[in-house]
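Here the structure comes first, spelled out in structure tokens, and everything after it is commentary.
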Amino acid sequence: MTGLMATGTAAFAKKSPRACERTGQQTSDTLRLLDEQLKPQRRVVHTGDVIYQAGERFGNLYILNSGFFKIVNLTADGREQVVGLKFRGDWLGFDGIADGSYSCDAVAMDTGEIWMVSYEALMRACVSHPALLQVLHTAMSREIAHDRDSLMSVCTLPADARVADFLRYWAESLAERGMRTDQITLRMTRAEIGNYLGMTLETVSRALSRLARDNVIGFAEKGRRDVQIPDVGALSAFVQRCLAPAPAMLQ
1 MTGLMATGTA AFAKKSPRAC ERTGQQTSDT LRLLDEQLKP QRRVVHTGDV IYQAGERFGN
61 LYILNSGFFK IVNLTADGRE QVVGLKFRGD WLGFDGIADG SYSCDAVAMD TGEIWMVSYE
121 ALMRACVSHP ALLQVLHTAM SREIAHDRDS LMSVCTLPAD ARVADFLRYW AESLAERGMR
181 TDQITLRMTR AEIGNYLGMT LETVSRALSR LARDNVIGFA EKGRRDVQIP DVGALSAFVQ
241 RCLAPAPAML Q
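Under this note's numbering, the first residue of the sequence shown is numbered 1, with each subsequent residue one higher.
Right under this line is the structure:
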């Protein structure tokens with residue numbers, strides 16, 4: 001039980017500044033390598049732009065150079081379900097490799113820039129430039145790890161902790177990219193956040209209010225999407241407290 005609990009809590013632990021800096025440098029190095037070796041096609045995108053849709057034939061991978069994206073599936077009754085979030089340096093389109101068609105929609109949440117690379121051209125380049133293959137494997141590994149952590153959050157955390165962990169992840173993703181984390185602008189409505197975390201809009205609102213009352217977060221005057229985070233570590237500590245076993249479990 002102890003080993004399993006340690007594995008679970010590690011998914012919600014705060015990353016060190018050095019780890020964030022190292023990830024940020026790796027992202028910059030990756031983008032530079034891709035630009036030099038593949039000369040990707042660049043495209044400026046705006047809020048609501050769709051890069052590819054579920055069912056569309058697969059042929060390209062996309063790398064996010066700036067901005068924010070959400071990955072969306074449709075449920076059986078036609079409702080949108082947010083299943084992923086993407087930041088600078090993240091790849092889009094891995095889901096299309098296996099079956100030859102994309103299984104989700106990729107939608108811009110902000111003005112940004114994406115780089116498009118042909119999958120066939122990338123595979124050819126990997127033969128002569130092994131560093132590209134390492135970049136590809138690293139990106140896939142990170143996506144798998146994040147999907148696992150997201151599932152852990154939805155399956156094991158109560159609502160307040162789930163929202164706190166979402167804010168921690170968003171802030172640390174910004175920190176890894178050299179952006180400020182003491183005040184962040186969420187590019188999602190509360191309904192979208194609830195959709196992503198598996199809870200209602202009202203539950204998200206109550207959780208945010210409780211976090212604010214506990215002084216873990218605050219809200220900027222100009223808008224409720226602007227969240228003040230005095231200490232990202234406090235968000236991680238909040239989540240860890242929610243995961244702490246009851247005394248009876250320790251006996």
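The beta-carbon is built from N, C-alpha and C at its ideal position, and this holds for glycine as well.
Here the structure is a predicted model, which means the values were calculated and not measured.
Residue i to residue j span [Cα, whole Å]
i: S101; j: L132; result: 23 Å
i: L157; j: A237; result: 13 Å
i: G233; j: E120; result: 42 Å
i: M116; j: R213; result: 44 Å
i: Q183; j: A175; result: 11 Å
i: R148; j: D77; result: 26 Å
i: L61; j: Q81; result: 22 Å
i: D231; j: V216; result: 8 Å
i: L186; j: Y52; result: 23 Å
i: R225; j: F219; result: 8 Å
Extent of the continuous alpha helix (DSSP H) to which residue i belongs
i: M188; result: Neither: M188 is in no alpha helix (DSSP H) and is coded neither H nor E.
i: R241; result: 232 to 243
Enclosing beta strand (DSSP E) for residue i [first to last residue]
i: F69; result: 69 to 74
i: D116; result: At residue 116 the sequence reads Met, which differs from the Asp that was named. Counting along the chain, the beta strand (DSSP E) containing M116 begins and ends at 112 to 118.
i: V216; result: Where V216 is concerned, there is no enclosing beta strand (DSSP E), given that its DSSP letter is neither H nor E.
i: A106; result: 105 to 108
i: Q134; result: Counting along the chain, Q134 falls outside any beta strand (DSSP E), though it belongs to the alpha helix (DSSP H) covering 130 to 156.
Short Cβ contact (9 Å threshold) for residue i with residue j
i: T189; j: I229; result: no
i: G93; j: F58; result: yes
i: A207; j: V239; result: no
i: N167; j: V227; result: Before going on, a small fix: residue 167 reads as Leu here, not Asn. Cβ distance < 9 Å, so L167 and V227 count as in contact.
i: A54; j: L38; result: no
6 Å CB neighbourhood of residue i in its chain, flanking five on each side removed
i: R43; result: I114
i: G89; result: T27
i: G194; result: T200, L201, V204
i: G198; result: V154
Other residues of its chain near residue i: CB distance less than 8 Å, five sequence neighbours each side excluded
i: S205; result: R190
i: R109; result: Arg is not the amino acid found at residue 109; the sequence shown has Met there. Excluding positions up to five away in sequence, the list reads T47, G67, F68, F69, K70, R187, M188.
Cut-off 7 Å between Cβ atoms - residues of its own chain near residue i, not counting five sequence neighbours on either side
i: V135; result: T30, L33
CB-CB length for residue i against residue j, believed under 8 Å
i: D105; j: V72; result: 4 Å
i: V45; j: G112; result: 5 Å
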